[in-house]
């Protein structure tokens, strides 16, 4: 892989962005002294591909963006702190080539950005600019079996959820690594979060470490096992009667 040379100005902007993301993450929930230090040690050469802003942007094409710090943390185990040096995104299952990609290798795929609204079943939403890699590009690189109809997202905190392979391709779903012009921090799902457009918030998997490509349309992840819709499309909340559900709270 050819690594682009960096000019000092852009390198400094990227380092500043990572530092800001770290500060925001540590300050948004609890005291910094009570939390693990964020391992925001992404190699500096990735600035060429990131091409992000040194500060969070508040507006995009006339649309006011929801500040990152205002999002609620409804995760099952709190923020995760990835080590970018050892981190690998695995693409496994019904594929010709099992991939184990570093953070930099994922960022080397074609970049895309989309203005997307995240809707939570609790009743709140957030309009944000999402930047990342198309899931379809990763699937093609792995040689995903055309018969595979389900993607299972496995996260660093043990969380799991799913998405239809067809939806990922047809809607150009992103494996996001930045929001509102800044790289994701621990509180935001770093290194990667699924920007699950048109689906409820519990489908927006954070801290993704593996994508399994399978033929299991009925596979149930964390919240799906507790009665929530397997498809997770906006308007479809529950797949089981209220008395069968374990927990009414969703992320």
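In the numbering used here, the protein residues as written are 6 to 256. Glycine included, every Cβ here is placed at the ideal spot set by N, Cα and C. Predicted model, so just to flag it, every value in this text is computed and none were measured.
- Within the stretch 85-153, the runs of alpha helix (DSSP H) at least 4 residues long that lie entirely inside it are, in chain order, 108-112, 140-147.
- Contact annotation: residue 135 and residue 200 have beta-carbon atoms nearer than 7 Å.
- Residue 217 is bridged by DSSP to 97, 157.
- In this model, residue 142 and residue 198 are separated by some 16 Å (Cα to Cα).
- When the beta-carbon positions are compared, residue 218 and residue 152 stay at least 7 Å from each other.
- Rounded to the nearest whole angstrom, the C-alpha separation of residue 116 and residue 185 is 15 Å.
- Contact annotation, residue 205 with residue 130: C-beta distance approximately 10 Å; criterion of less than 8 Å not satisfied.
- The beta-bridge partner set that DSSP reports for residue 184 consists of 135, 187.
- Taken atom to atom, the span from the alpha-carbon of residue 170 to that of residue 236 is near 11 Å.
- Residue environment for residue 105: exposed (fewer than 16 other C-beta atoms within 10 angstroms of its C-beta).
- Our two residues, residue 114 and residue 233, have alpha carbons roughly 33 Å apart in a direct line.
- Taking every protein chain shown into account, the CB of residue 240 has fewer than 16 other CB atoms within 10 angstroms, so this residue is exposed.
- Distance from residue 133 to residue 70 at the Cβ level is roughly 6 Å; contact confirmed, criterion being Cβ atoms closer than 8 Å.
- Residue pairing by DSSP puts residue 179 in a beta bridge opposite 139, 200.
- Leaving aside the five residues that flank residue 222 on each side, the residues in its chain whose CB is nearer than 6 Å to its CB run, in chain order, 154, 155.
- Taking 8 Å as the upper bound for CB-CB distance, residue 214 and residue 94 are in contact here, some 7 Å apart.
- Residue burial annotation: residue 202 is buried, with at least 16 other C-beta atoms found within 10 angstroms of its C-beta.
- In its chain, beyond the 5 residues on either side, 232, 233, 234, 250 have a beta carbon closer than 8 Å to the beta carbon of residue 243.
- In this structure residue 188 is not in contact with residue 92, their Cβ atoms being roughly 14 Å apart against a cut-off of 8 Å.
- Classified as exposed, residue 102 has fewer than 16 neighbouring CB atoms from the shown chains inside 10 Å of its CB.
- Residue 211 sits in coil when the DSSP states are folded into three classes, being neither helix nor strand.
- CA-CA distance, residue 180 to residue 140, rounds to 6 Å.
- In this structure, the CA atom of residue 147 is about 7 Å from the CA atom of residue 96.
- Note on geometry: alpha-carbon atoms of residue 76 and residue 220 lie some 33 Å from one another.
- Nearest neighbour of residue 107 by Cα position, chosen from 194, 64, 100, 90, turns out to be 90.
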